[in-house]
Structures are given as C-alpha cells and as structure tokens.
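Just so you know, the protein sequences line up as chains A and B, in that order.
Counting in our numbering, the first sequence runs from 40 upward without gaps.
Counting in our numbering, the second sequence runs from 17 upward without gaps.
Heads up, the beta-carbon is just placed ideally off N, CA and C, and yes, glycines get one too.
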Amino acid sequence: MLAVQPVVLLSDLLIFALVAALILFFVQLARDPLARGRWRSVFVSRIGSAAFLVILFYVLMALLDSLHYREPLPAIATSGSVAEPASETMTEPVVHYSQEVKSVLDAVLAGLHGQDETTYSEPFSIYSFARENQTSDDGNVVRAFPRLAHAGSHLQEGDSVAADVWQRSLKSVLTGVAIMAALVILHWQWRLRCTAQGCGLKSDDMGAVLPWKTIYITLGVLVVGACWVLELGQYYHILGTDKVGQDVLYQGLKAIRTGVLIGTLATLLTLPLAILLGISAGYFRGWVDDLVQYVYTTLSSIPGILLIAASVLLIDVYIETHPEQFQLTTERADFKFLALCFILGMTSWTGLCRLLRAETLKVSQLDYVQAARAFGVRHGRIIGRHILPNVTHLILIALVLDFSGFVLAEAVLSYIGVGVDPSMASWGNMINEARAELSREPVVWWSVAAAFVLMFILVLAANLFADKVRDAFDPRSAG
Amino acid sequence: MSLLTVRDLTIELPALVNARQAQRQPMVNGISFSIDAGEILALVGESGSGKSLTALAILRLLPDTLSITGGVIELAGDNLFERTERQMNAVRGYRAAMIFQEPQSALNPVQTLLQQIGEVLVLHKGLTGAALKTAVINLLEEVGIPDPRQRLSWYPHQLSGGQKQRVMIAMALACEPELLVADEPTTALDVTIQKQILDLLNQIRRARKLGVLLITHDMGVVSEMADRVAVMRHGEILEYRPGDEFFVSPQHEYSRQLIHSLPRRDFRQPLTTPEPLLTVEGLKVWFPQRHGVLQRVVGHTRAVDGVSFQIHKGETLALVGESGSGKSTVGRAILALEPLYAGCITFDGQRIDQLSQAEFRAYRKRIQVIFQDPFSSMNPRMTIREILAEGMISLGLADDHQQREAKLQTLLLRVGMAVEHLDRYPHEFSGGQRQRIAIARAIAVEPDLIICDEPTSALDVSIRGQVLALLQELQQEMGLSYLFITHDLSIIPHLAHRVAVMSQGVLVEQGECASVMNQPQDSYTQALLAAAPVICTGL
Numbered sequence: 040m041l042a043v044q045p046v047v048l049l050s051d052l053l054i055f056a057l058v059a060a061l062i063l064f065f066v067q068l069a070r071d072p073l074a075r076g077r078w079r080s081v082f083v084s085r086i087g088s089a090a091f092l093v094i095l096f097y098v099l100m101a102l103l104d105s106l107h108y109r110e111p112l113p114a115i116a117t118s119g120s121v122a123e124p125a126s127e128t129m130t131e132p133v134v135h136y137s138q139e140v141k142s143v144l145d146a147v148l149a150g151l152h153g154q155d156e157t158t159y160s161e162p163f164s165i166y167s168f169a170r171e172n173q174t175s176d177d178g179n180v181v182r183a184f185p186r187l188a189h190a191g192s193h194l195q196e197g198d199s200v201a202a203d204v205w206q207r208s209l210k211s212v213l214t215g216v217a218i219m220a221a222l223v224i225l226h227w228q229w230r231l232r233c234t235a236q237g238c239g240l241k242s243d244d245m246g247a248v249l250p251w252k253t254i255y256i257t258l259g260v261l262v263v264g265a266c267w268v269l270e271l272g273q274y275y276h277i278l279g280t281d282k283v284g285q286d287v288l289y290q291g292l293k294a295i296r297t298g299v300l301i302g303t304l305a306t307l308l309t310l311p312l313a314i315l316l317g318i319s320a321g322y323f324r325g326w327v328d329d330l331v332q333y334v335y336t337t338l339s340s341i342p343g344i345l346l347i348a349a350s351v352l353l354i355d356v357y358i359e360t361h362p363e364q365f366q367l368t369t370e371r372a373d374f375k376f377l378a379l380c381f382i383l384g385m386t387s388w389t390g391l392c393r394l395l396r397a398e399t400l401k402v403s404q405l406d407y408v409q410a411a412r413a414f415g416v417r418h419g420r421i422i423g424r425h426i427l428p429n430v431t432h433l434i435l436i437a438l439v440l441d442f443s444g445f446v447l448a449e450a451v452l453s454y455i456g457v458g459v460d461p462s463m464a465s466w467g468n469m470i471n472e473a474r475a476e477l478s479r480e481p482v483v484w485w486s487v488a489a490a491f492v493l494m495f496i497l498v499l500a501a502n503l504f505a506d507k508v509r510d511a512f513d514p515r516s517a518g
Numbered sequence: 017m018s019l020l021t022v023r024d025l026t027i028e029l030p031a032l033v034n035a036r037q038a039q040r041q042p043m044v045n046g047i048s049f050s051i052d053a054g055e056i057l058a059l060v061g062e063s064g065s066g067k068s069l070t071a072l073a074i075l076r077l078l079p080d081t082l083s084i085t086g087g088v089i090e091l092a093g094d095n096l097f098e099r100t101e102r103q104m105n106a107v108r109g110y111r112a113a114m115i116f117q118e119p120q121s122a123l124n125p126v127q128t129l130l131q132q133i134g135e136v137l138v139l140h141k142g143l144t145g146a147a148l149k150t151a152v153i154n155l156l157e158e159v160g161i162p163d164p165r166q167r168l169s170w171y172p173h174q175l176s177g178g179q180k181q182r183v184m185i186a187m188a189l190a191c192e193p194e195l196l197v198a199d200e201p202t203t204a205l206d207v208t209i210q211k212q213i214l215d216l217l218n219q220i221r222r223a224r225k226l227g228v229l230l231i232t233h234d235m236g237v238v239s240e241m242a243d244r245v246a247v248m249r250h251g252e253i254l255e256y257r258p259g260d261e262f263f264v265s266p267q268h269e270y271s272r273q274l275i276h277s278l279p280r281r282d283f284r285q286p287l288t289t290p291e292p293l294l295t296v297e298g299l300k301v302w303f304p305q306r307h308g309v310l311q312r313v314v315g316h317t318r319a320v321d322g323v324s325f326q327i328h329k330g331e332t333l334a335l336v337g338e339s340g341s342g343k344s345t346v347g348r349a350i351l352a353l354e355p356l357y358a359g360c361i362t363f364d365g366q367r368i369d370q371l372s373q374a375e376f377r378a379y380r381k382r383i384q385v386i387f388q389d390p391f392s393s394m395n396p397r398m399t400i401r402e403i404l405a406e407g408m409i410s411l412g413l414a415d416d417h418q419q420r421e422a423k424l425q426t427l428l429l430r431v432g433m434a435v436e437h438l439d440r441y442p443h444e445f446s447g448g449q450r451q452r453i454a455i456a457r458a459i460a461v462e463p464d465l466i467i468c469d470e471p472t473s474a475l476d477v478s479i480r481g482q483v484l485a486l487l488q489e490l491q492q493e494m495g496l497s498y499l500f501i502t503h504d505l506s507i508i509p510h511l512a513h514r515v516a517v518m519s520q521g522v523l524v525e526q527g528e529c530a531s532v533m534n535q536p537q538d539s540y541t542q543a544l545l546a547a548a549p550v551i552c553t554g555l
C-alpha cells in the first residue's frame, strides 16, 4: 500500500546512461599509459582535483534528482464519486498515485520542500516581506509584517533569531566536521594498510601523488555545507522565498539537474555531428569537404537564438496537438527540455567541426597516414586508428569547454522565454521570474543571487577543470 | 686579444622541485674557446650536443627554463654576463648578430624588407628617411640581392629560400657587428644555394674582419670554411684545433668517426645481369589549379613532367634533386598516392597505373615506402607491435597470432632492436631507432621494391651510416630493389648502382653511378656536384 510508483523519464535514462558511459570511458582510459599519464597530471594539480570534486558533487545531486517516483494517495472512502460500480472497488482496491512527481532529492531535502509561505520573505527572516492587514488582539486592524507560517515557527515570542541560528549552525557544523574527520581517519587507515600490504598498488599509482590535503578540504567544505543546509533548512528559509512562497534554495538545488543535464546532453549531441563531418571533410576533401563547409558556414551565419526560438515554438505546437502522449506535467516539461538540448546541440557543432577539419587536414598529410595507405589499410580503419586518436585532445577540450557554455546558454534562453518549461526548475527561470523585482525598493535580491552563486560555482569548476584538461592534452602546451 | 672568449661556460637545466627530475642536468659542461677577428670557428656536433645552446648563451637568449651556472663570456674584453638586460640589448644586433637556421620562420611575413632590415638601423643607429633607405640598399647589394631598390617593398614570401637567408645575413650585418653567430645557416638550403651562401659569408668576413661562430653538423661545410674547429658532444668540447690540422690528424676517436662518417667515393659496380622490375615511362603528375565556385580547372602545376626510368631486381637507383624538383612526387605516384596525368608504370611485367584501389592492393605488399621524418612516420598513439603488425594484418599476411608474433620478433632483431621494444611507444625511441623501426615496418610485408624518401636526411651523420649499412645488408639478403630519393650527394657513390638527376620535374641525366658522378654531361649535374662540400683531408 505504501509502495511508491517509480517514474522513469527519458532524461533520467539518458543521465544514467551518460554516467555509465563516463565511468566506462575512464576505465578504458586507464589501460592506455599515455592517456593515464595525462589524466594523472590533471588530478595531481590541486585546482584540477578540487574542481573535479565540486563537479562530482553537482553530478551527484543531479543523479539523486533523477530518481523519480509518485507517492500513493491516501485511499478515498467515498467510492461513489468515481464512476465505477461499488462492487468492483470492494474486491480490488485501486491505488491512486499523486500527480506530483517527486525525486530522491526531494526526500533528502524534505525539510526545505513543502513549507511554502504565501509570498516573498527575506533569507532567515521569520516575517513576511509584504505588509498585510492583521487584526490585533484588541480588534483593531493594523498593517504589519505577518509571521511566516513555517520559518521559525518553533520559536517562542521574544526568542532571538540570530541566537537560534548560531546555535543550530554550530551544531550542524560540528556534525559535519565529525563526519569528515571520521571519513579522513578511515581513509588514512585504509591507505596505510594498502601501502603496508601493497595490495593492488602499481608503481604509478595515483594514491601516492594526489593532493590529499586539498581533496580533504574540498570534501570537508562540501560535507559541512550539506549538513548546515539540511539542519537549518528545516527551520528557516536559508535563501528566502519567492513570489509564491517557495523556498529559493530548494529551487536552486533542483535546478542543478537541469543545468548539468543540458550541459552534458547538448555537448554530447554536438560530438557525433562534429566528429563525423569534421573528420570526413578533412580526410576525403574534394566535394565532401565543399559540402560540409557549405553546411557549417550557412548554419553558423543564421543567428542561433532565432533558430532556437523557432524550434521551441515548433515543439510547443507539437505538445499542444498531441496531449495524449504526455500524461503528466513533468513528462511534458521533460520532452520540451530534451528537445531544447537537441536544438542546442544541433546548432552548436560548427565550431568543433571546423577545428577537427583543420586538424584532420594536417594529420592526414603526416607520414604515418601515408604509410598506412601504402599498406592498403582501408579508409575507415585509417580514420579510426590513425586520425581519431590524434585529434582526441581537441574533442576533449571542446567537450569540457562547451559544457560551461551550454549551462550559461540555458540561463540566457530561459531568461528570454524560449528555454525550458516554466514548471521545471532552472536557473534561467529563477532569474526570469525575479527580473521584475530587481527594480523594486527594497530590492528582492535573493532569487537572482541564489541562481547566480549556484551557476557560478558549477561553471567556475567546469572552466578550471577544462583549463587543466587543456594543459594536459594540448600537445603544444605539453611540450 | 681575441674578439670573443668563452671560459668554462656551464648551462644547466635546474632541478625542479616536485617533478620526476630531481637532479640538475648539465646541458653544456664547462666549455672554453675563443674567436679572433676575421676568423671562422666551426662548432661541430650532433643534435643535442649543446652547440646551439652555446650560441644562444653568447647573446644571452637562452630559454627561461635553462640557467647559466658558471663561466665567463667576453666580447672584446667586455664581460657579457655583467651587463643588465638593457645594456645587453645594445650588444645584440649591434656588436654581435645572429643568423638562424630556418630563414622561413626567422623573417616576419608581414613586414617588408625595408622595415625588417631597417629596424636594426633605426634602433641602434637612429637612421631615418633617405639615409635609412640608402643603407638598406647598400646592404642588400652587398649580400647579392638583385635589383635591391625594387625589392625594398617586397615581402619575405616573394623571395626564394636562398634569398631569404641573404636577407637574414643583411640584417645581421646592418650595424657592422664584430661577431656573427651563424646557427646552421645552410642546413635548410639546397646544395647549390648552400655554396653561394657559404661563399658570401667567407667573402664578408674577409672584407669586414668579422669573427664568425659557425655552428654546423656537416663536416663538408666545416672542411671548406673553418679556420678552427671545436667538436662538441654531450655538452663538452672533445677537440679544439686549427681546421687543416684537424682533418689531417684528428686526435679524438669521436672526431675520427665524424670525419669518416662521410662515405668515400668508391663506386658500386652496376649489376651484371639486369632484370627489369619497375619501368616508368613518360610519367607526368600535374596538379590541377582550380578556380571559382564550380572549381573549374584553369591550369596545371607540373610537378613531374615526363620522367622515364627503370629499376632492376636487386638494384638501387638514386633519384637526386633539389627541393621542389618533384622527386618525392615520383615516389608517391609509384605508390599510387598521387593520380597520374599521363605516363605508364609497369611493375614486374604488369601495368599498375590504371588499377583500381582494390586491384592495387596486391601490389601494396610488393612496393613499400620509408619516409624522411622518423618522428612523423609513426602514429604516436600506437605501440611498436601495432605499428609493425598493421601492414601484415591489412594485407592478410600472417593471420595466425603466434606466427605473427614470431615474425614481429625476428623483424625487430633483424633491424638491430630488442624484442622487449615491441610494447613501447614511438616517442620512447631516438631518431635512428625509429628509422630502424620504419625499415622493419616496410620489410614486414616482404616487398620487392622499397621507395626510400630521404630516409637519412633527418639523422645525425654517425647514425646515418648505420642506417645505410642496414639498408644495404637487407638488399643483399632479400634481393630488394630501392628507389632512393635524396638530395645528399655524398651518400650516393657508396649506395647506388645508378643515378638519375632530376630538376624542375624532368630527368636531366641518368646513368651508372661512376659515369654520372665523374663525368657529368648536363650542366645542372655539374653545378650540383661542384657545389657539394667535400672534405680535403690532404691525403
């Protein structure tokens, strides 16, 4: 009866397939000594390790947010309301599930979710941001800031908010530090034992060279931060509430999945086109090259926004005319979201394609490609074995750089209203909704600030990581 | 007093704090020499011996990763290491100038000759306007550029390679320096141009009483130019003596090795019973020049314009020519890597120029190729095993795994490498070792003909000898025929049965090695032979 109904959205499948593919990719890489050496130089640097951990944390949030389910509704006693004969409901009680699709992240953040106020409230405030008519004890009607329904409801009249926040912060930080200390000690023990027994340690093992101090500190900050948010989120709105009283921090965290997914999916969609067209143009030349060049020059001279806006309109029309395919709002939002990823990918492959074409032109003139041709090696094999591995560094660099570009692009698109569905949490939507309030006095700054900070951390981490990857893989800088 | 004195110069790669390399690495180890005015000192050594670093250290132009840890360099009694960077700039280009190896990259492509040569004059002498122009014209005249007045507004790409090097020399001479440092000034040039540039250098140093530090690896150049010779290896000077003495009685074993690395002129006898393997008749490779949206063919670049020759079984034909003569294109056309415009190629009695890709695959096994640059001829992301096996797998030889493995091992041993090298990557080997691997790759499919496209020009002289010897041994063992494409005349007598000389897409002369080298008929061949530097050992 209490069992939940899992809901699998298309984007959920994609994100798990992606993570699996990434893990496989790293396993594969570990076999190639050259590549392993390069990745090692990425992780040996402190910035590289820290940025990777932050990205990993975001990905973990996105994964948690991708395990969707529907909760069962409590059984309704009045069976007559349904147009079914009473006898059937008696024999087989039908379980109805909520229209609201939840995720595991919602369960983790239960303290933040479902404590909606009526309208704006400032961070850590226990009063509303807007005055309302209130009837005082003596019957007079006064306009004042009402107490919030949920935030600080545990406080007695006259208790200091600051003191309570300090006390709870201290408690949660201590918990976080304790967890982290336990982790560090466990890991230390395990490493000591490993070095003592030499179990599975190779001579070029990563463990010896990784900047453990930086890793511990980064992990510590993340763990303590998570503890703090979970503890205080139960009692206060840490980043305030928005126009309809929803917790801003909760929305910001939910938007991580959108950001991460749009970054990776759109990037991955550009790859097949860019690789296929770029390499064939550079390798076969002649009319293939002409064709590919015409296509990408044409495509890149059409304003991207225009193309995207037109495509989004098409998708909207499709959704409207085929309502039977989309049972839930979430499904509709998901479809629109995937379509947006697809469009973004389709319109942004030209840059990488151009790079790959140029590099392939160069590589295919090298003697080893000529030697392979003199051996009668077939074109497909030459491309697969000689060309592709020697342009991988370009692909990798483009992959990581494009990621942050797409995260930012989503925010811009949602802001101008052609981005993801308004029902889906995304940083662009948050900014879009808070836009009008920025001109108000006193200003409502927290929605924009939350979106900005969360996006900034992700994009900064991705950019720093991309920088390190480029240093490691670019033959010119590697020397 | 000498013009330039170098005492105990030591250059080191400093120890890095957290990298693998924890020890300081000496690149140049306490070397001393001196140059008088009007004298040429040749600094000889193979790649990596530290000779270019020494030159850069004199002008204090070393890369930041290297540091000078000891020694003194004095230019006319003036310690260069005591100068500040600003004071040093007054020396560079004014009192000591440098000529680089590659004129292509040493000249700025977006500046005219007047701007480039004028820059030094403006900086150091403050010349402007008409005076500047006259000075530059005089300089260009001195280095033998025709019509200097018109060429003032030319850009480097409008000049030939030899002319660019002349412009470099003009820039170096602009402020009448006392010392000229020439870092392999002729390595990138053809022999006939090399001759002209060396003559020019010689003439200028006499006229101007210039001290010249000539860095080179070519013993022929040293023999013709140097008053004194310093032989460098692993950052140390092994021998330092007057030039004529050096060539008559070299003291150090390594010097002797360098001198004798030049093959002497004993000719290979032609084959007694020639049996034709490859016949090329009227070969033309024209590259279409396309124009416009529809890519109409508006004309042709005639890379190879009617070449005919024959290679017999077990024979080596040397195809000699300067860069741009189309000799490599001939090789590529035989390999069906370039389409023919006209002509006919017959291999072992069968016409092969009209075969389709698939039909030609049968001949891929029989005609193989070795490339010039051992660094680009192997995929850096494949192991030696994969590189060697690729051809065998592709051509369907040795499908059985164990058989293939055994063959790979014998191949590597045959070219003088070890079995454990199979699982390494190309970047772990030196140039000579890579060229051996490239040879192993070519002979892996047991070909009849190997096209060697300058296989030794990227190698040091001592290694060149070893690779050539290996090629000859293999020829004897397997009855291979070689088409040996080269610009290096010195290796030909020892290597080739017959010689064909190519110039601007056509063969100007071909015949038996001895007759072509001793009694050249064509004027181009004569010029080529006259220009090649030779060692006069006085024997």
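Check, Outcome
"In chain order, what residues of the same chain have a beta carbon less than 6 Å from the beta carbon of T369(A), not counting five sequence neighbours either side?", "V140"
"Mind checking if M394(B) is an interface residue toward chain A, Cβ cutoff 8 Å exclusive?", "yes"
"With the cut-off set at 8 Å, would you say H328(B) and S497(B) are in Cβ contact?", "yes"
"Run the CB neighbour count on G415(A), radius 10 Å, all protein chains shown included, and call it buried at 16 or more, exposed below.", "buried"
"Here's a check: name, in chain order, each residue in its chain whose Cβ is nearer than 6 Å to the Cβ of L493(A), leaving out the five neighbours to either side.", "G291"
"Output the residue ranges of the alpha helix (DSSP H) runs that lie fully inside the region 195 to 279 of chain A and measure 4 residues or longer, sorted by chain position.", "200 to 236 and 251 to 272"
"Compare the C-beta of H425(A) with all C-beta atoms of chain B and state if any pair is closer than 8 Å.", "yes"
"According to DSSP, F49(B) sits in a beta bridge with which residue or residues?", "V22(B)"
"At a Cβ threshold of 8 Å, is G239(A) touching chain B?", "Low local confidence applies: a pLDDT of 49 at G239(A) is under 50, so the model's placement there is unreliable, with the coordinate-based value given in what follows. Output row for G239(A): interface = no."
"For A546(B), count the other beta carbons within 10 Å of its own beta carbon; 16 or more makes it buried, fewer makes it exposed. Which is it?", "exposed"
"What is the residue span of the beta strand (DSSP E) that L230(B) lies within?", "G227 to T232"
"So C134(A) is in the beta strand (DSSP E); what residue range does that whole segment cover?", "For the sequence presented, residue 134(A) should be read as Val rather than Cys. Per DSSP, V134(A) belongs to no beta strand (DSSP E) and is neither H nor E."
"What would DSSP say about A125(A), mapped onto helix, strand or coil?", "With a pLDDT of 45 at A125(A), under the threshold of 50, the modelled position of this residue cannot be trusted; read the value that follows with caution. Reduced to three states, the DSSP call for A125(A) is helix."
"Within 10 angstroms of the Cβ of G412(B), are there 16 or more other Cβ atoms? Answer buried if so, exposed if not.", "exposed"
"For I358(A) versus F365(A), is the C-beta distance shorter than 8 Å?", "yes"
"Do A516(B) and F325(B) have their beta-carbon atoms positioned less than 8 Å apart in this structure?", "yes"
"Using a Cβ-Cβ cut-off of less than 7 Å, give me the residues of the region 373 to 389 of chain B that come near chain A, in sequence order.", "R377, R380, Q384, V385, F387 and D389"
"Strictly by DSSP, which residues pair up with F303(B)?", "T317(B)"
"Tell me S495(A)'s beta-bridge partners as DSSP assigns them.", "Just to set this straight, residue 495(A) is Phe in the shown sequence, not Ser. Answer is none; F495(A) lacks a bridge partner."
"Going by DSSP, name the residue or residues bridged to G527(B).", "V515(B)"
"Return the bridge partner residues of A183(A) from the DSSP annotation.", "E171(A)"
"Under 8 Å Cβ-Cβ, which residues of chain A neighbour E269(B)?", "Residues of chain A passing the Cβ test: none, with the nearest at roughly 35 Å."
"Would you identify the three-state DSSP class for E62(B), choosing helix, strand or coil?", "coil"
"Grab the span of the alpha helix (DSSP H) containing D104(A) for me, first residue to last.", "First-last for D104(A): undefined, no H or E at that position."
"Residues in the region 341 to 353 of chain B with C-beta within 7 Å of chain A's C-beta atoms, listed in sequence order?", "L351 and L353"
"Judging by CA-CA distance, which residue of K375(A), S339(A) and P428(A) is the nearest neighbour of R393(A)?", "S339(A)"
"Going by Cα to Cα distance, which pick from V81(A), V351(A) and I54(A) is closest to V508(A)?", "V81(A)"
"Using the three-state DSSP reduction, which class does Q44(A) fall into: helix, strand or coil?", "strand"
"Is D243(B) near L91(B), with beta carbons less than 8 Å apart?", "no"
"Return the residue from the list L427(A), R182(A) and R417(A) that minimises the CA-CA distance to N395(B).", "L427(A)"
"Spell out a yes or no on whether the region 290 to 309 of chain A and the region 202 to 221 of chain A are touching, meaning 3 or more CB-CB pairs, one atom from each, closer than 8 Å.", "no"
"If we call anything under 8 Å between Cβ atoms a contact, is V43(A) one with P113(A)?", "no"
"At a Cβ threshold of 8 Å, is Q409(A) touching chain B?", "yes"
"Between which two residues does the beta strand (DSSP E) harbouring D199(B) extend?", "L195 to D199"
"For a quick check, are the C-beta atoms of K67(B) and I231(B) less than 8 Å apart?", "yes"
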